[in-house]
Amino acid sequence: DAKTTQPNSMESNEEEPVHLPCNHSTISGTDYIHWYRQLPSQGPEYVIHGLTSNVNNRMASLAIAEDRKSSTLILHRATLRDAAVYYCILNRSGGSNYKLTFGKGTLLTVNP
Amino acid sequence: KAGVTQTPRYLIKTRGQQVTLSCSPISGHRSVSWYQQTPGQGLQFLFEYFSETQRNKGNFPGRFSGRQFSNSRSEMNVSTLELGDSALYLCASSLVRGSEAFFGQGTRLTVV
């Protein structure tokens with residue numbers, strides 16, 4: 004499985020943008036980039052995913068580098084509720100062995 | 074629509090016993106995956122079921138098993154419980170294999 008590398012922790016202030024980086028230098032052409040987050044005492048929550056183009060949804064934006072070896076999850080205005088562990092995961096499409104391989108993720112702290 | 078429902082939410086068992094956990098996926102979702110989360114190992118993939126068939130299995134001993142019913146509901150079973158099986162067990166459902174996964178709140182299993 005292709006691996007991802009994320010910083011262990013990041014800190015942000017409320018109502019400021021947050022850019023969470025992820026490196027995936029061994030990504031293959033059929034790997035989608037998925038982001039999930041886990042709030043305290045809850046199961047993981049889907050945030051966003053993309054293949055090659057940048058993606059936006061109501062929760063966040065995903066910026067994917069042209070060579071696809073890295074990506075950045077962007078929270079446009081952080082709130083206290085965004086404090087969570089964020090996981091960047093590569094998900095191979097069309098494969099028979101579908102599974103999500105979680106790393107340690109990035110612990111995001113949001114200061115009021 | 075209702076989310077992924079896991080029962081029970083909390084469970085205390087004694088070493089050597091067996092346990093069955095239940096997961097009801099989102100209506101219409103046919104793929105169900107199970108994950109174990111512990112402080113030391115993080116989130117680890119257990120197995121995935123689709124159309125009542127196990128499609129993929131993680132690196133866990135044979136004491137961990139599961140099944141999926143025709144209505145997509147799934148159960149996982151752990152036999153001969155060990156102290157190290159104490160963990161949060163999470164179930165996730167997807168509309169199709171590889172699409173965004175929706176997680177339940179989990180079942181917190183404590184083995185004493």
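For the protein sequence lines, the chains are A and B, in the order given. Position 107, counted from 1, in the first sequence is what the numbering used here calls 110; the numbers after and before it change by one each time, with no gaps. Position 76, counted from 1, in the second sequence is what the numbering used here calls 149; the numbers after and before it change by one each time, with no gaps. Glycine included, every Cβ here is placed at the ideal spot set by N, Cα and C.
Supposed close pair residue i, residue j - CB separation, criterion 8 Å
i       : j       : result
Y90(A)  : L23(A)  : Going by Cβ atoms, the distance from Y90(A) to L23(A) rounds to 10 Å, so no, they are not a contact pair.
F118(B) : S104(B) : With a Cβ gap of about 13 Å, F118(B) and S104(B) do not count as contacting.
L103(A) : H27(A)  : With a Cβ gap of about 14 Å, L103(A) and H27(A) do not count as contacting.
G76(B)  : G157(B) : Not confirmed; about 29 Å, so no contact.
A87(A)  : Q41(A)  : 6 Å
T87(B)  : V185(B) : 6 Å
Residues near residue i by beta carbon distance below 6 Å, same chain, minus five either side
i      : result
M13(A) : T109 and L111
Distance, residue j Cα to residue i Cα
i       : j       : result
G171(B) : F120(B) : 14 Å
Y162(B) : W38(A)  : 20 Å
T153(B) : E69(A)  : 50 Å
R95(A)  : E155(B) : 33 Å
L116(B) : S97(B)  : 20 Å
P43(A)  : S166(B) : 20 Å
S100(B) : Y35(A)  : 25 Å
T80(B)  : G46(A)  : 14 Å
8 Å CB neighbourhood of residue i in its chain, flanking five on each side removed
i       : result
Y122(B) : S104, V105, S106, R128, G139, R140, Q141 and S147
L84(B)  : V92, L94, T180, R181, L182 and T183
F137(B) : L119, F120, M149, N150 and V151
Contacting residues, own chain, Cβ-Cβ under 7 Å from residue i (five flanking each side not counted)
i       : result
A160(B) : Q109, Q110, T111 and L182
E17(A)  : A81, T82, L83, V113, N114 and P115
M62(A)  : V50 and I51
A66(A)  : N57, S74, T75 and I77
R71(A)  : I30 and T55
L168(B) : G101 and H102
Within 8 Å, strictly: CB atoms of residue i and residue j
i       : j       : result
S145(B) : H102(B) : yes
Test: residue i CB closer than 8 Å to a CB of chain D
i       : result
S106(B) : The structure shown contains no chain D; its protein chains are A and B.
### Query
According to a CB-to-CB cut-off of less than 8 Å, which residues of the segment 46 to 64 of chain A neighbour chain B?
G46, P47, E48, Y49 and H52
### Message
Counting only Cβ-Cβ distances shorter than 9 Å, please list the residues of the segment 101 to 112 of chain A near chain B, keeping chain order.
### Response
Y101, K102, L103, T104, F105, G106, K107 and G108
#### Entry: Contact list for the segment 167 to 185 of chain B against chain A, Cβ threshold 8 Å
Against chain A - using a Cβ distance shorter than 8 Å - the residues of the segment 167 to 185 of chain B are R170, G171, E173, A174, F175, F176, G177, Q178 and G179.
### Task
Could you please tell me which residues of the segment 134 to 156 of chain B, in chain order, have their CB closer than 9 Å to any CB of chain A?
Listed by position along the chain: nothing, the set is empty.
### Near-chain A residues of the segment 91 to 116 of chain B (beta-carbon distance less than 9 Å), N- to C-terminal order
S104, S106, Y108, Q110, G115 and L116
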